[in-house]
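Here is the structure we will look at, set down as structure tokens.
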Amino acid sequence: MTASLTLRELDVDQAPWPLLLLADPSREQVQCYLRESCLLALLAGGRTLGVVVITPRSEGAAEITNLAVDEAWQGRGLGRRLLESAIARARVDGLQRLLIATGNSSLAQLGLYQRAGFRIVGIEPDYFVRHYPEPIFENGIQCRDQIRLALALNP
13 MTASLTLREL DVDQAPWPLL LLADPSREQV QCYLRESCLL ALLAGGRTLG
63 VVVITPRSEG AAEITNLAVD EAWQGRGLGR RLLESAIARA RVDGLQRLLI
113 ATGNSSLAQL GLYQRAGFRI VGIEPDYFVR HYPEPIFENG IQCRDQIRLA
163 LALNP
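Residues 13 to 167 (the numbering used here) are what the sequence shown spells out, left to right.
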């Protein structure tokens, strides 16, 4: 069924909030970066199954600030497809570096990003404890530290 999927850029007012909040439970945090970002959605039959948000950072660099797949569609390669689309978009835009960050407890995401070529470039201890009012748990682990990764895009 993944053959009938289409990738489309959405306007900010079309943002699929339930999906965005799967990747980042703070609506305020998402609103901080969404207006200046490129929002790509994976659609099937008019339904948004996944989303990736690419936010400009410094000269020659952007950050994937949100990547989410509808829970009913997870485990089918859609996250990988969205990640590959973001990488391709960054290359077309002439960027040299693509960044992404996730939590220490996001084990599947860390694997996905590293398989796509991202390398760990930093850790910010207690990031999630300081920036989110409620504790976040994944895989039986408290999400405390932010793991930052980067992908060099130059050939």
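Glycine is no exception: its CB is placed at the ideal position from the N, C-alpha and C atoms. None of the values given here were measured: they were computed from a predicted structure.
Spatial neighbours of residue i in its chain, beta-carbon cut-off 6 angstroms, leaving aside the 5 residues before and after
i, result
"A113", "Q158, R160"
Three-way DSSP call (helix, strand, coil) for residue i in this model
i, result
"I197", "Since the displayed the chain opens at 13 and closes at 167, residue 197 lies outside it and no answer follows."
"A120", "helix"
"T14", "In this prediction, T14 has a pLDDT of 48, which is less than 50 and means its spatial position is unreliable; nothing more can be read from the coordinates."
"E75", "strand"
"G87", "coil"
"F130", "coil"
Cβ separation of residue i and residue j, assumed to be a contact under 8 angstroms, to the nearest whole Å
i, j, result
"L110", "L163", "5 angstroms"
"S38", "I66", "Between I66 and S38 the Cβ distance is about 19 angstroms, and since that is not below 8 angstroms, they are no contact."
"L52", "V63", "7 angstroms"
Sheet register partners of residue i (DSSP bridge)
i, result
"I135", "I159"
Where residue i falls, given that 16 or more other Cβ within 10 Å makes a residue buried
i, result
"L79", "buried"
"A102", "buried"
"E75", "buried"
"N151", "exposed"
"I99", "buried"
Own chain residues within Cβ distance below 7 angstroms of residue i, not counting five before or after
i, result
"A27", "L46, L51"
Neighbour flag for residue i against chain D, beta carbons, 8 angstroms
i, result
"L51", "Considering every chain present, this structure includes no chain D. It has just one protein chain."
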